[in-house]
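Student: In my numbering, the protein residues as written are 3 to 214.
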Amino acid sequence: MDTADVTATLLRDHGRTYAEEAGITLRDKPAPLYQLLVLTVLCSIRIKAEIATAAARELFAAGLRTPRAMADSSWQDRVDALGRAHYVRYDESTATALGDGAALLLDRYAGDLRKLHARADGDQGRLRELLQEVPRIGPVGADIFCREAQAVWPDLRPFFDERACATAAELGLPHTPDGLAKLVPAADSARLAAALVRVRLSKRVADTRRAA
3 MDTADVTATL LRDHGRTYAE EAGITLRDKP APLYQLLVLT VLCSIRIKAE IATAAARELF
63 AAGLRTPRAM ADSSWQDRVD ALGRAHYVRY DESTATALGD GAALLLDRYA GDLRKLHARA
123 DGDQGRLREL LQEVPRIGPV GADIFCREAQ AVWPDLRPFF DERACATAAE LGLPHTPDGL
183 AKLVPAADSA RLAAALVRVR LSKRVADTRR AA
């Protein structure tokens, strides 16, 4: 089985980033970076990714696209938006975490995640530590954010977390970040990382190998 064929199949069938699915046009700007952080918070519990992305779309449709808007919203408004996406069981605690996280970002970074990025000063480990100061985000959440943010923060590339690398190994692909980075142009690293995670979560490893 040809590595190039497997890679092409991954990008073609599964290479949509989660930011794209949530309706985020990711750029190195405060609002879209914050929206990615919101999506990360939503994904940082045991819940289906499609529900998390639907919840993000509901929050954004309600106008909660910036830390200021989130902080100024009522707790009930956030609960209601999550409920419309069937983000149940965790809706109340997540509404609290989103409000607290927005307040933290406004206080420490004036609502601009580029300042958090600058504080890490190119140290990926430090960046992950700073992200984990945001309520609800742990090591897995930090990986989610970095995996997607590498699309606009080149110093994060290549970022392939343990789940992505494990899937790559099952598909017969290089299974280190540097090895995977050689398979695609740098600009497609986030898409390949997302594709590998999507395949793992959907348990379609065998299907992907056959399709290639």
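For glycine and all other residues, C-beta sits at the position ideal for the given N, C-alpha and C.
Quick check on the burial criterion: 16 or more other C-beta atoms within 10 angstroms. Buried or exposed for R29?
Tutor: By the neighbour-count rule (16 or more Cβ atoms within 10 Å), R29 is not buried but exposed.
Student: Between G113 and D4, what straight-line distance do the alpha-carbon atoms span, to the nearest angstrom?
Tutor: When rounded, the distance between both Cα atoms is 46 Å.
Student: Just how far apart, CA to CA, sit A73 and L106?
Tutor: Between A73 and L106, the C-alpha separation is close to 10 Å.
Student: Can you tell me the Cα-Cα spacing of C167 and Q78, whole angstroms?
Tutor: Cα to Cα, the separation comes out at about 39 Å.
Student: What residue ranges within the segment 98-147 form continuous alpha helix (DSSP H) runs of no fewer than 4 residues, ordered along the chain?
Tutor: Those alpha helix (DSSP H) runs which fall completely within the segment 98-147 and span 4+ residues are 115-122 and 126-133.
Student: Determine the closest residue to T42 out of P32, A21 and A33, with distance taken between C-alpha atoms.
Tutor: Selected option, being the one with the closest Cα: A21.
Student: Please report the straight-line C-alpha distance between A33 and R67, rounded to a whole angstrom.
Tutor: Computed Cα separation, rounded: 6 Å.
Student: Count the other C-beta atoms from every protein chain shown that fall within 10 angstroms of the C-beta of G143, then say buried if there are 16 or more, exposed otherwise.
Tutor: When all chains shown are included, G143 counts as buried.
Student: With distances taken from CA atoms, which of H177, A87, P156 and L175 is nearest A192?
Tutor: With distances taken between Cα atoms, A192 lies closest to P156.
Student: Since I believe V8 is in contact with L175 (beta carbons under 8 Å), could you give me their beta-carbon distance rounded to a whole number of angstroms?
Tutor: At roughly 6 Å, the Cβ-Cβ gap stays under 8 Å, so L175 and V8 are in contact.
Student: Can you tell me where the alpha helix (DSSP H) holding V201 begins and where it ends?
Tutor: From DSSP, the alpha helix (DSSP H) with V201 extends over S191 to S204.
Student: If you drop the 5 nearest sequence neighbours on each side, which residues of the same chain put their C-beta closer than 8 Å to that of R149?
Tutor: Excluding positions up to five away in sequence, the list reads F161, F162, D163, A166, A192, A195, A196 and V199.
Student: Compute the Euclidean distance between the alpha carbons of E23 and P187, then round it to the nearest angstrom.
Tutor: Looking at the two C-alpha atoms, the distance is approximately 21 Å.
Student: Reducing DSSP to helix, strand and coil, say where S76 ends up.
Tutor: The answer is coil: DSSP assigns S76 none of H, G, I, E or B.
Student: Which residue comes first and which comes last in the alpha helix (DSSP H) that contains Q152?
Tutor: It is not in any alpha helix (DSSP H) - Q152 carries neither H nor E in the DSSP assignment.
Student: Determine the closest residue to R116 out of L35, T11 and A104, with distance taken between C-alpha atoms.
Tutor: Among L35, T11 and A104, the Cα nearest to that of R116 belongs to L35.
Student: Please state whether DSSP places T27 in a helix, a strand or coil.
Tutor: Of the three classes helix, strand and coil, the one that applies to T27 here is coil, per DSSP.
Student: Where does D180 fall in DSSP's three states?
Tutor: Note: D180 maps to helix in three-state DSSP.
Student: Identify whether R165 lies in helix, strand or coil by the three-state DSSP scheme.
Tutor: In the structure shown, R165 sits in a helix (DSSP, three-state: H, G or I).
Student: Could you check where the alpha helix (DSSP H) with L38 kicks off and where it finishes?
Tutor: Per DSSP, L38 belongs to the alpha helix (DSSP H) from P32 to C45.
Student: If you count every other CB in all the chains shown that lies within 10 Å of the CB of G109, and 16 or more means buried, which is it?
Tutor: In the sequence as displayed, the identity of residue 109 is Asp instead of Gly. The residue in question, D109, is exposed, as its Cβ has fewer than 16 Cβ neighbours within 10 Å.
Student: If you draw a straight line from the C-alpha of L129 to the C-alpha of T11, how long is it?
Tutor: C-alpha separation (whole angstroms): 32 Å.
Student: With a threshold of 7 Å (Cβ to nearest heavy atom), would P34 be considered close to the ligand SAH?
Tutor: Among the components of this structure there are no ligands whatsoever, and the ligand SAH is therefore not found.
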